[in-house]
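Note that the working numbering has the sequence shown beginning at 93, numbered continuously upward.
Note that beta-carbon positions come from the ideal geometry of N, C-alpha and C, so glycine has one too.
Treat the numbers as computed from the prediction; the structure is a model and nothing was measured.
Contents: one structure, followed by commentary.
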Amino acid sequence: MAYSFFAMLSRMKNIHRWALMRNTRQENISEHSHEVAVLAHALAVLTNRHYGGQVDPARCALLAVYHDVPEILTGDMPTPVKYYNPAIREAYRQVEQAACDKLLGMLPEELQEEFAPLLCGEEDTVEHQLVKAADKLSALIKCVEELAQGNREFASARVATERSIRGMGLPAADEFLDKYLAAYELPLDDQ
């Protein structure tokens, strides 16, 4: 029997983000997931080094790699739609769960237990909070990059996203905003 789980994951490069916005450069969920993994790892390291955390940076990176996998089947739901009201958010959670279940079914049964926590795991751990912050940081970085190209389409999203990150109450995320975000606005020769 041929299992298609990994072939489906390779399709992440075909799912574009920011569908409602004019983009100077398209972004797909494969490259987004890579960036979120790098950022989640960094947030975990900062949490451990500067804030007395006991977080597994490798686990954070791995969770981030898989955090948008259900979007292979659902597509990238724009944030204003996804969070429009609680009923839509709950319906979308059910759609995401169905996508997780379908994707897990594309693996041999003996492997499903290993991948289930990565695709459909509980979201109340510190690791998941850091991945969520990294996901928002990635969105903020996209806004910064688009604005640097003169695309004012991302101005409101930048303000709202930074406010959302600050509102998470994660010291490592605040540190990233304060110490590392400004470099994304610099041209290559100034980095």
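- With a beta-carbon spacing of about 6 Å, Cys-235 and Thr-253 fall inside the 8 Å limit used to define contacts.
- DSSP places His-142 in the helix class (H, G or I) of the three-state scheme.
- Ranked by Cα distance from Leu-273, the options Pro-263, Leu-232, Glu-245, Ser-256 are led by Leu-232.
- The beta-carbon distance between Leu-262 and Gln-221, rounded to whole angstroms, is 6 Å. This is short enough to meet the 8 Å contact definition.
- In terms of CA proximity to Arg-109, Ser-230 leads the group Ser-230, Cys-192, Ala-94, Ser-248.
- Judged by their CB atoms, Gln-186 and Cys-212 are not nearer to each other than the 8 Å cut-off.
- By a beta-carbon distance limit of 8 Å, Val-223 does not contact His-142. Their separation comes to about 19 Å.
- Membership of Ser-256 in the alpha helix (DSSP H) is indicated by the continuous run 247-258.
- In this structure, the beta-carbon distance from Ala-226 to Leu-135 falls below 8 Å.
- C-alpha of Ala-240 to C-alpha of Glu-277: approximately 6 Å in a straight line.
- In chain order, Met-198, Leu-199, Pro-200 place their CB closer than 7 Å to the CB of Tyr-95, counting only its own chain and leaving out the 5 sequence neighbours on each side.
- For a cut-off of 8 Å, the C-beta gap from Arg-255 to Asp-266 is around 12 Å, too long to register as a contact.
- Annotation for Pro-209: the continuous alpha helix (DSSP H) segment containing it runs 201-212.
- The beta carbons of Thr-166 and Ala-183 sit about 11 Å from each other, so the pair does not count as a contact at 8 Å.
- Of the candidates Glu-238, Ala-153, Asn-140, the residue whose Cα lies closest to the Cα of Gln-118 is Glu-238.
- DSSP, reduced to helix, strand and coil, places Asn-120 within a strand of the structure shown.
- Within the same chain, and ignoring the five residues on either side of Asn-120 in sequence, the residues whose Cβ sits closer than 8 Å to its Cβ are Met-104, Lys-105, Asn-106, Ile-107, His-108, Arg-109.
- Taking the CA atoms as reference points, Glu-202 sits about 20 Å from Pro-162.
- The beta carbons of Ala-153 and Ala-179 sit no closer together than 8 Å.
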